[in-house]
Amino acid sequence: MDVSFIKSAFDKSHYPPPDRPEIAFAGKSNVGKSSLLNVIVNRKKMARTSSTPGRTQALNFFNVGNGRLYLVDLPGYGFARVPLKVKASWGKMVELYLKSRNNLKAVVVIMDIRRDISPDDRALIEWLFEYNIKLIPVFTKSDKLKKQRRAARLRDLKKDLSSISPERPILFSAHTRKGREEVWERIEEVIKI
Ligand code: GTP
Ligand code: MG
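Counting from 394, one number per residue, gives the positions in the sequence shown under the numbering used here.
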């Protein structure tokens with residue numbers, strides 16, 4: 394798949410022109426946002442991944458499919474060691490983006506299959522609802538659990554998610570690439586609308 398990095402942006406004046414549909418990827422620090430992006434575009438290192446949480450601090454824009462679409466790697470939230478001031482600016486930066494980006498078609502909200510849905514995840518999902526942006530929920534790191542445990546977690550998380558969103562979650566793993574096709578199907582679906 395043809396893909397190129399466009400730019401990192403901290404504020405609105407630095408976003409590329411909103412001249413094509415855009416899909417953003419959000420989630421807690423270290424949840425696997427950049428890894429998921431790399432899998433869906435078939436690149437080992439398009440988006441930077443790291444074992445240091447909080448690595449992606451800006452909004453990173455990528456161009457895919459011959460300029461058909463922008464994908465945006467959003468900075469992670471809920472990283473305890475980030476200073477308070479940075480936390481506040483994270484919220485502002487991301488909320489401003491969600492609020493003002495009118496070519497944004499959906500946000501893929503990435504959560505860890507092993508963890509409960511956090512207050513930050515809920516706040517983000519509420520923002521999406523408020524701003525009328527489609528949600529594509531993903532539970533990642535599914536390779537970290539054995540089959541039975543995975544099924545049990547998925548059942549519990551689905552139930553929990555259903556109280557805040559009607560969207561069906563996708564089970565994903567950046568290691569096995571499970572769920573890659575489903576993420577694309579969902580992206581194609583929201584772009585068509
Ligand atoms: P920040 O940008 O720092 O917020 O992190 P991120 O959400 O982009 O996470 P990143 O993709 O950098 O992954 C964080 C760590 O989790 C890395 O060590 C990845 O190798 C690992 N990881 C990501 N996805 C998976 C997965 O599906 N399975 C497993 N086992 N590990 C994963
Ligand atoms: Mg990242």
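Even for Gly, the Cβ is constructed at its ideal location relative to N, Cα and C.
8 Å or more divides the Cβ of TRP520 from the Cβ of LEU497. In this structure, the ligand GTP has a non-hydrogen atom nearer than 7 Å to the beta-carbon of ALA567. With a threshold of 7 Å, the Cβ atom of GLY572 does not count as near the ligand MG, since no heavy atom of the ligand is closer than that.
Relative to the ligand GTP, even the nearest heavy atom lies 7 Å or more away from the CB of LYS552. Relative to the ligand MG, SER401 has its C-beta separated by 7 Å or more from all heavy atoms. Secondary structure note for PHE522: its alpha helix (DSSP H) is the uninterrupted segment 512–523. Set against 7 Å, the gap from the CB of ASP466 to the closest heavy atom of the ligand MG is smaller.
LYS537 has its CB no nearer than 7 Å to any heavy atom of the ligand MG.
In the assembly as shown, ASN495 is an exposed residue. Its beta-carbon has fewer than 16 other beta-carbons within 10 Å. Taking a contact as a CB-CB distance under 8 Å, the pair TYR470 and ASP404 does not count as one, their CB atoms being some 18 Å apart. Nearest C-alpha to ARG570 among TRP483, PRO410, SER428: SER428.
Excluding residues up to 5 positions away in sequence, GLY469, ILE503, MET504, ASP505, THR533 lie with their Cβ nearer than 7 Å to the Cβ of VAL424 in the same chain. With a threshold of 7 Å, the Cβ atom of ASN423 counts as near the ligand GTP, since some heavy atom of the ligand is closer than that. Cα atoms of LEU554 and PHE398: separation of roughly 33 Å, rounded to the nearest angstrom. For LYS426, the shortest separation between its Cβ and any heavy atom of the ligand MG lies below 7 Å.
Relative to the ligand MG, even the nearest heavy atom lies 7 Å or more away from the CB of GLY484.
For VAL583, the enclosing alpha helix (DSSP H) starts and ends at 573–585. Proximity to SER535 across LEU547, ASP412, ASP509 peaks at LEU547, based on C-alpha coordinates. It is roughly 19 Å from the alpha-carbon of PHE418 to the alpha-carbon of ILE557.
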